[in-house]
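Numbers given in this note's numbering equal positions in the sequence shown, counted from 1, plus 31. Every residue gets a Cβ at the ideal spot worked out from N, C-alpha and C, and that includes glycine. Have a look at the structure below, then the notes.
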Amino acid sequence: MRYAPTHKEEARTRLVEATGALAKQKGFSATGVDSFMAAAGMTSGAFYAHFRSKNELLEAIVANELQRSAQLFAAPTREQALEVLRGYLSHAHVEHPESGCAVPALAPEIARAGAATQHAFEQGMGALQASFRALVDDDAKAWALVSQLVGAVVVARALPSGPARAAVLEGATRQMELLLGEPSRES
Numbered sequence: 032m033r034y035a036p037t038h039k040e041e042a043r044t045r046l047v048e049a050t051g052a053l054a055k056q057k058g059f060s061a062t063g064v065d066s067f068m069a070a071a072g073m074t075s076g077a078f079y080a081h082f083r084s085k086n087e088l089l090e091a092i093v094a095n096e097l098q099r100s101a102q103l104f105a106a107p108t109r110e111q112a113l114e115v116l117r118g119y120l121s122h123a124h125v126e127h128p129e130s131g132c133a134v135p136a137l138a139p140e141i142a143r144a145g146a147a148t149q150h151a152f153e154q155g156m157g158a159l160q161a162s163f164r165a166l167v168d169d170d171a172k173a174w175a176l177v178s179q180l181v182g183a184v185v186v187a188r189a190l191p192s193g194p195a196r197a198a199v200l201e202g203a204t205r206q207m208e209l210l211l212g213e214p215s216r217e218s
C-alpha cells in the first residue's frame, strides 16, 4: 500500500503534538520512547523514521509548543489577550499541564538539554516575548510578564490544592492586570 505524499509529515506532526502533551504531563526525561510512540498511536519502531534521537524529539516539541504559545498570546485585541492571560493563570491550566504551556512544565529539562534544543527554546521565547511586548510596549515589562506568568504556574503546581494555590494565582492575576494597566478585579 502506498502512502500519500504528505503521510510522513502528517505522522510527524501527530507524533510531536501527542508526545508534547505527554512530556508536559509526565516529564520528558521520565518518559520512554515506547510511551511516546504509544501516545501517538504509532509503533516504537517508527520513531527513528522521524527522529534520530530522543533529544531531537525534545527539540521538535519545544519548537512546536512555543510557536503555538506565541500564536495564542498574539490575540488581536487587548481584551482577548487579557482573557488568554487570565486562562493561563487558572486552576485548569495548573491542574492540566498536558494541555497548557510547555515552559512551566519543561523549562528545567530544556536547561539540561543540548544546544539545539536550547536554541529552539530561545527562538520560541523570543517570539513569545514579542507577543507580550505588543501588549505592554516595553521589552523589560514583556519579560517581566512572561516570567511572572510562568513562575506563578510553577509555584501553584508545586503547592497542594487549596488556599495557597488559589492565593498564588489570584496574586499573579492582579499583578498582571496592574502591569497591563487594567483595573484589578477584586474577588
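Next on the checklist: Excluding the 5 residues flanking Leu200 on each side, which residues of the same chain have their C-beta closer than 6 Å to its C-beta?
Outcome noted: So the list reads Leu120, Ala187, once near-sequence residues are dropped.
Item to check | Start-to-end residues for the alpha helix (DSSP H) that takes in Leu137 | outcome: First-last of the alpha helix (DSSP H) with Leu137: 133-142.
Next on the checklist: Taking only three categories from DSSP, how would you classify Thr62?
Outcome noted: Coil at Thr62, not helix or strand.
Item to check | Alpha-carbon spacing of Phe82 relative to His127, whole angstroms | outcome: Each residue's alpha carbon lies about 27 Å from the other.
Checklist entry - Hey, would you say Ala203 sits closer than 8 Å to Ala183, going by beta carbons? => result For the 8 Å CB-CB criterion, Ala203 and Ala183 form a contact.
Checklist entry - How close, in whole Å, do the beta carbons of Phe59 and Leu137 come, if the pair is a contact with beta carbons under 8 Å? => result The beta-carbon separation of Phe59 and Leu137, rounded to 6 Å, stays under the 8 Å limit for a contact.
Next on the checklist: Does Gly72 pass the burial test, meaning 16 or more other C-beta atoms within 10 Å, or should it be called exposed?
Outcome noted: Exposed, by the Cβ-count rule.
Item to check | Under the three-state DSSP convention, the category Gly157 falls into | outcome: Note: Gly157 maps to helix in three-state DSSP.
Next on the checklist: DSSP three-state label for Phe82, please.
Outcome noted: Three-state result, Phe82: coil.
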